[in-house]
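Have a look at the structure below, then the notes.
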Amino acid sequence: MTEFRIGLQNVTFGYMQNIVIENLSFSIDQGQFVAITGENGAAKTTAMKLLIGILKPWKGIRLWPRNLNASYVPQQISSIEQDFPSTVYEFIISGCWETLKWYERISKENMKRAEALIDKFELRNVAKQQIGKLSGGQKQLACVARAFMSNPAILFLDEPTTGMDEKMRHIFYETLKTMCPHVTVVIITHHINELNPYIDNIIHLERRKNSCLN
Numbered sequence: 001m002t003e004f005r006i007g008l009q010n011v012t013f014g015y016m017q018n019i020v021i022e023n024l025s026f027s028i029d030q031g032q033f034v035a036i037t038g039e040n041g042a043a044k045t046t047a048m049k050l051l052i053g054i055l056k057p058w059k060g061i062r063l064w065p066r067n068l069n070a071s072y073v074p075q076q077i078s079s080i081e082q083d084f085p086s087t088v089y090e091f092i093i094s095g096c097w098e099t100l101k102w103y104e105r106i107s108k109e110n111m112k113r114a115e116a117l118i119d120k121f122e123l124r125n126v127a128k129q130q131i132g133k134l135s136g137g138q139k140q141l142a143c144v145a146r147a148f149m150s151n152p153a154i155l156f157l158d159e160p161t162t163g164m165d166e167k168m169r170h171i172f173y174e175t176l177k178t179m180c181p182h183v184t185v186v187i188i189t190h191h192i193n194e195l196n197p198y199i200d201n202i203i204h205l206e207r208r209k210n211s212c213l214n
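To convert, note that position 73 of the sequence shown is 73 in UniProt numbering; the numbers rise steadily by one, no gaps.
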């Protein structure tokens, strides 16, 4: 794959008539592990959605190469009901469906990939359990593992460590770090001190004023 760079350039955005992001600029290079930080209300999720393309800037430019594949794990996605019928393995491997044509079946390669992700995220002992029965932290791990099944160039994670204890968070960070430089990872976090040893750059946002610290 040709090396790429994504980012926002002098972007302004708001809701109704209220500006929440003004003249925000930053860039992220291929293979980087980048954290978006800031206090509550600093529009971290909004900035991520602008970068992904879910939201459109009022002003400014979104830098995004054509045909770049990305996966997004939004905040609180792990709130899966207890009676959700899929096993952890079935849930994770379903992440490859969006890459398949309607007539294609799940390949042996995809099955091997799902098995490898189960091991990487230390979910082997719960792989045959219903995902709804897992702890919040384990559900988060399964959601992220599922996102990797589409083989994304970029993975966006909005506070993915909700429900994880400190030990689980460090295992999670280390696993993400091993995925780089093959995958660019952008994560919103409140645990910047413990995440700091693993990341390449920080994008720090402040309420009403946004700045990028590299």
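The beta-carbon is built from N, C-alpha and C at its ideal position, and this holds for glycine as well.
Please specify which runs of the beta strand (DSSP E), each continuous and at least 3 residues long, are wholly inside the segment 144 to 171, giving them in chain order.
Here the runs fully enclosed are 154 to 158.
Leaving out five residues on either side along the sequence, give the residues of the same chain with a beta carbon under 6 Å from the beta carbon of glutamate 98.
Mapped onto the sequence shown, residue 98 falls at position 98. Contacts found: Ser150.
Where the alpha helix (DSSP H) through lysine 44 begins and ends
Along the sequence shown, one-based indexing puts residue 44 at 44. Looking at the DSSP string, the run of the alpha helix (DSSP H) that includes lysine 44 is 44 to 52.
Pick from Ala142, Gly137, Arg113 and Gly136 that is closest to alanine 127, judged by C-alpha positions:
Taking the first residue of the sequence shown as 1, we reach residue 127 at position 127. Minimum Cα distance to alanine 127 is reached at Ala142.
What is the rounded straight-line gap between the Cα of isoleucine 54 and the Cα of arginine 124?
Within the sequence shown, residue 54 is the residue found at index 54, counting from 1. Within the sequence shown, residue 124 is the residue found at index 124, counting from 1. Using only the alpha carbons, I get a separation of about 34 Å.
In the structure shown, what three-state DSSP assignment does glutamine 140 receive?
Residue mapping note: residue 140 aligns to position 140 of the sequence shown, counting from 1. Note: glutamine 140 maps to helix in three-state DSSP.
Helix, strand or coil for glycine 38 per DSSP?
The residue labelled residue 38 in the question sits at position 38 within the sequence shown. Note: glycine 38 maps to strand in three-state DSSP.
Do leucine 157 and isoleucine 188 have their CB atoms nearer than 8 Å?
The sequence position of residue 157 within the sequence shown is 157, counting from 1. The sequence position of residue 188 within the sequence shown is 188, counting from 1. Contact: yes.
Please classify leucine 205 as buried or exposed, where buried requires at least 16 neighbouring CB atoms within 10 angstroms.
On the sequence shown, position 205 is the one that residue 205 refers to. With 16 or more Cβ atoms within 10 Å of its Cβ, leucine 205 is classed as buried.
Report the CB separation of isoleucine 203 from valine 73 in whole angstroms; it is logged as a contact under 8 Å.
By one-based count along the sequence shown, residue 203 stands at place 203. By one-based count along the sequence shown, residue 73 stands at place 73. About 18 Å; that fails the 8 Å criterion.
Host beta strand (DSSP E) of asparagine 18 (start-end):
What you label residue 18 is simply residue 18 of the sequence shown in a count that begins at 1. Here the beta strand (DSSP E) through asparagine 18 covers 18 to 29.
Three-pair Cβ contact test at 8 Å for the segment 130 to 149 versus the segment 165 to 185:
yes
Expected contact under 8 Å - CB spacing of phenylalanine 121 and alanine 147 to nearest Å
Within the sequence shown, numbered from 1, the residue matching residue 121 stands at position 121. Within the sequence shown, numbered from 1, the residue matching residue 147 stands at position 147. Wrong, their Cβ atoms sit about 11 Å apart, outside the cutoff.
Does the separation of the CB atoms of glutamine 75 and glutamate 159 fall below 8 Å?
As a first step, residue 75 must be located in the sequence shown, where it is residue number 75. As a first step, residue 159 must be located in the sequence shown, where it is residue number 159. Yes, the Cβ-Cβ distance between glutamine 75 and glutamate 159 is below 8 Å.
Please list, in chain order, all residues of the same chain as threonine 87 whose beta carbon is under 8 Å from its beta carbon, the five residues on each side excluded.
Numbered from its first residue, the sequence shown carries residue 87 at position 87. These residues qualify, in order along the chain: Ala127, Lys128, Gln129, Gln130 and Ile131.
Hey, out of Leu63, Gly38 and Ile80, whose CA is closest to aspartate 29's CA?
What you label residue 29 is simply residue 29 of the sequence shown in a count that begins at 1. Answer by Cα proximity: Leu63.
With DSSP as the reference, label arginine 124 as helix, strand or coil.
As a first step, residue 124 is located in the sequence shown; it is residue number 124 there, counting from the start. The three-state reading of DSSP puts arginine 124 in helix, counting H, G and I together.
So who's on the other strand from glycine 14, going by DSSP bridges?
Counting from one through the sequence shown, the residue named residue 14 turns up at place 14. Looking at the DSSP assignment, glycine 14 forms a beta bridge with Ile19.
Coil, strand or helix - residue 290 by DSSP:
Residue 290 lies beyond the stretch modelled for the chain, which goes from 1 to 214, so this question has no answer here.
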